[in-house]
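Beneath this line is the structure, given in structure tokens, with notes to follow.
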Amino acid sequence: MPELVEAYVDITDGVTHKFLRALTSVRRLSLSLSLSEVMHPSGMIFNQLVHLDLYTYAEGWWDLLTHMLQDSPKLQTLKLIDDYCAGIETPIGWKLPSSVPECLLCSLEAFVWNGYQGRQGDREIATYVPKNAVCLKTATFSPKCSDVGKKYQMLKELASVPTASTSSQLLFD
Numbered sequence: 001m002p003e004l005v006e007a008y009v010d011i012t013d014g015v016t017h018k019f020l021r022a023l024t025s026v027r028r029l030s031l032s033l034s035l036s037e038v039m040h041p042s043g044m045i046f047n048q049l050v051h052l053d054l055y056t057y058a059e060g061w062w063d064l065l066t067h068m069l070q071d072s073p074k075l076q077t078l079k080l081i082d083d084y085c086a087g088i089e090t091p092i093g094w095k096l097p098s099s100v101p102e103c104l105l106c107s108l109e110a111f112v113w114n115g116y117q118g119r120q121g122d123r124e125i126a127t128y129v130p131k132n133a134v135c136l137k138t139a140t141f142s143p144k145c146s147d148v149g150k151k152y153q154m155l156k157e158l159a160s161v162p163t164a165s166t167s168s169q170l171l172f173d
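Take 1 as the starting number for the sequence shown in UniProt numbering and just add one per residue.
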């Protein structure tokens, strides 16, 4: 059987469990869909996934992120991408995983957030990952904001986040 190495999924309607189940052996995955479109079935583990790009413009992306962290034990690179002007607000009180995901304890080395907006819910996610990713080497944030004062405030807040890894670097792009 051929091995699927990389997949880019951009679906706005009707993602089936069978379709996603076919991707569980992929190593690199780009997801542009929301949890409301994908009701997460139990037992779907992405055992080979090492690189995940998750687009953050669709409602429910934060819940999909939680599931992908919990179900991707070998994840090494997590990239969140917000390339839309009017992205969906991350909810305040993001539902944290019930326990620290295995990928944060054992394998995640790079966390990238392109288009970081610094909203309350965004900050919760942006602090959770570095606080819990033991193997993290770099956390890179590229703020979307063009206002220098606001951008400085966002970067200042991120710089104060304690990290689980003693060798991790916080980078601002």
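Glycine residues also receive a C-beta, built at the ideal position from the N, C-alpha and C atoms. Small disclaimer: the values here were computed from a predicted structure and weren't measured.
Burial state of residue i, where buried means 16 or more other Cβ atoms lie within 10 Å
i	result
Phe46	buried
Ala22	exposed
Asp71	buried
Val148	exposed
Asp10	exposed
Leu159	Note on residue identity: the sequence assigns Ala, not Leu, to residue 159. By the neighbour-count rule (16 or more Cβ atoms within 10 Å), Ala159 is not buried but exposed.
Tyr8	exposed
Phe19	exposed
Leu69	buried
Leu146	Sequence check: residue 146 is Ser here, not Leu. Counting Cβ neighbours within 10 Å, Ser146 comes out exposed, since fewer than 16 surround it.
Leu52	buried
Leu96	exposed
Inter-residue Cα distance where the pair is residue i and residue j
i	j	result
Leu104	Ser98	13 angstroms
Glu6	Lys150	37 angstroms
Asp173	Glu102	28 angstroms
Pro152	Leu170	Note that residue 152 is Tyr in the sequence shown here, rather than Pro. Those two C-alpha atoms are separated by around 14 angstroms.
Ser167	Trp94	27 angstroms
Leu155	Leu29	28 angstroms
Leu54	Asn114	10 angstroms
Lys79	Glu109	11 angstroms
Glu59	Ser165	31 angstroms
Trp61	Ala126	14 angstroms
Met1	Ser25	In this prediction, Met1 scores a pLDDT of 44, lower than 50, which makes its location untrustworthy; the coordinate-derived value is nonetheless stated afterwards. Roughly 12 angstroms between the two C-alpha positions.
Leu4	Met44	16 angstroms
Cys106	Ala133	8 angstroms
Residue-chain proximity (residue i, chain B), Cβ-Cβ < 8 angstroms
i	result
Arg123	Chain labels in this structure do not include chain B; a single protein chain is all it has.
Identity of the residues DSSP links to residue i by a beta bridge
i	result
Trp113	Leu80, Phe141
His51	Arg28, Thr77
Thr8	Strictly speaking, residue 8 in this sequence is Tyr, with Thr absent from that position. BP columns for Tyr8 point to Ser30.
Leu171	Thr140
Integer Cβ distance of residue i from residue j, believed to fall under 8 angstroms
i	j	result
Val161	Lys131	7 angstroms
Leu75	Val50	6 angstroms
Lys144	Asp63	About 22 angstroms; that fails the 8 angstroms criterion.
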